[in-house]
Amino acid sequence: MVTRDTFDEYSNKLYGVSKKLFELISINLGIEPETICKMIDFENCTQGIRMNYYPVYPPCPEARKVLGKTPHSDATGLTLLVQVNEVQGLQMKKNSKWVPIKPIPGSIIVNIGDVLEVINYQKHVV
473 MVTRDTFDEY SNKLYGVSKK LFELISINLG IEPETICKMI DFENCTQGIR MNYYPVYPPC
533 PEARKVLGKT PHSDATGLTL LVQVNEVQGL QMKKNSKWVP IKPIPGSIIV NIGDVLEVIN
593 YQKHVV
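See below:
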């Protein structure tokens with residue numbers, strides 16, 4: 473059973489991972505490591521966690537009738553998707569085509585959200 477303490481510890485670890493990722497992204501953009509964290513006021517940002525579990529099922533015989541999320545971008549800075557099993561479904565758009573992301577159990581998929589797209593755009597325009 474997951475307790476509140478366990479959940480808080482997990483949340484704090486993800487907070488640290490997110491902060492480190494923002495620092496590394498800043499460095500890769502050629503700016504100081506703390507720049508993005510300062511721009512988005514990281515210390516005071518809201519951290520949201522949603523836990524979904526998708527059990528492994530056999531493929532649907534009528535794949536066109538399967539419901540899923542509509543194509544979208546994440547309106548956040550980062551989205552961390554913790555992959556716990558081999559359930560497929562996540563796709564990314566590359567060269568105008570949807571490409572499936574192969575799930576690797578135990579991995580964390582990092583989605584760059586709209587906020588970082590804007591920061592990256594501003595860096596290249598300014």
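Under my numbering, the final residue of the sequence shown carries the number 598; numbering is consecutive throughout.
Idealized CB from N, CA, C, for every residue including glycine.
Do residue j and residue i have their beta-carbon atoms positioned less than 8 Å apart in this structure?
i    : j    : result
L588 : I573 : no
P530 : E558 : no
L553 : N583 : yes
T551 : G585 : yes
I508 : S498 : yes
I485 : F514 : A quick correction: the sequence has Lys, not Ile, at residue 485. No, the Cβ-Cβ distance between K485 and F514 is not below 8 Å.
M564 : V571 : yes
Could you work out which residue in the options is closest to residue i when comparing CA atoms only?
i    : options                   : result
G520 : D546, V590 and K566       : D546
P575 : V528, L539, G540 and T548 : V528
C532 : Q560, M511 and V556       : Q560
K510 : F494, S579, W570 and K485 : F494
F479 : I503, L496, R522 and L501 : R522
G549 : T518, S568, K566 and Y525 : T518
Taking residue i and residue j to be in contact with their CB atoms under 8 Å, please state how far apart those CB atoms are, rounded to whole angstroms.
i    : j    : result
L501 : N592 : 6 Å
Ordered list of beta strand (DSSP E) runs contained in the segment 544-590, each at least 3 residues:
Restricting attention to beta strand (DSSP E) runs no shorter than 3 residues, the segment 544-590 encloses them at 550-554, 563-566, 569-572 and 580-584, ordered along the chain.
Could you tell me which whole alpha helix (DSSP H) segments of length 4 or greater appear in the segment 498-540?
Within the segment 498-540, the runs of alpha helix (DSSP H) that reach at least 4 residues and sit entirely inside it are, in chain order, 507-511.
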